[in-house]
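Student: Before I ask anything, here is the structure I am working with.
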Amino acid sequence: MYCGKNFENKEDLEKAIKRGVKVTVYTPRWVKKALKRKDPVNGMVAVMGQHIRLRDLRDATDIKPECKQHSWWADVRIEDGIIKEIF
Numbered sequence: 391m392y393c394g395k396n397f398e399n400k401e402d403l404e405k406a407i408k409r410g411v412k413v414t415v416y417t418p419r420w421v422k423k424a425l426k427r428k429d430p431v432n433g434m435v436a437v438m439g440q441h442i443r444l445r446d447l448r449d450a451t452d453i454k455p456e457c458k459q460h461s462w463w464a465d466v467r468i469e470d471g472i473i474k475e476i477f
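My numbering runs 390 ahead of the 1-based position in the sequence shown.
Structure follows, in structure tokens:
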């Protein structure tokens with residue numbers, strides 16, 4: 391799962407939660423389809439960041455996609471789809 395906002399590190403997520411920012415969680419569309427389940431609304435989940443983004447490879451000369459790897463993980467408690475606590 392990912393956070394609704396693309397945080398660069400776990401500390402940025404923690405700071406946002408402490409400031410009272412409402413951060414949602416989501417599962418990528420293809421994962422939801424493969425697993426046939428919806429995003430959880432309440433409970434404990436694991437989130438990761440940064441989001442992985444692949445550039446479209448429509449140009450035959452563009453052989454190297456732009457890709458960011460996940461650099462952090464966190465277990466979080468969510469209520470009504472909003473992150474309330476980070477562990």
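Where a beta carbon is used, it is the ideal one built from N, C-alpha and C, also for glycine.
Taking the CB atoms as reference points, tell me whether ASP465 and ALA424 lie closer together than 8 Å.
Tutor: No, the pair does not count as a contact, with Cβ atoms beyond the cut-off.
Student: Let me know the secondary structure DSSP gives ASP446 once reduced to three states.
Tutor: Because the pLDDT at ASP446 is just 47, under 50, the model does not fix this residue reliably, and the value given afterwards should be weighed accordingly. Residue state, collapsed to three classes: coil.
Student: In three-state terms, what does DSSP make of ASP402?
Tutor: Of the three classes helix, strand and coil, the one that applies to ASP402 here is helix, per DSSP.
Student: Skipping 5 residues on each side, what residues in its chain have a beta carbon closer than 8 Å to that of LYS422?
Tutor: For LYS422, where only same-chain residues beyond five positions count, the Cβ hits under 8 Å are LYS428 and ASP429.
Student: Helix, strand or coil for VAL466, going by three-state DSSP, please let me know.
Tutor: Strand at VAL466.
Student: For ILE442, count the other beta carbons within 10 Å of its own beta carbon; 16 or more makes it buried, fewer makes it exposed. Which is it?
Tutor: With fewer than 16 other Cβ atoms within 10 Å, it is exposed.
Student: Give me the DSSP bridge partner(s) of THR414.
Tutor: Note: THR414 sits in a beta bridge opposite ILE472.
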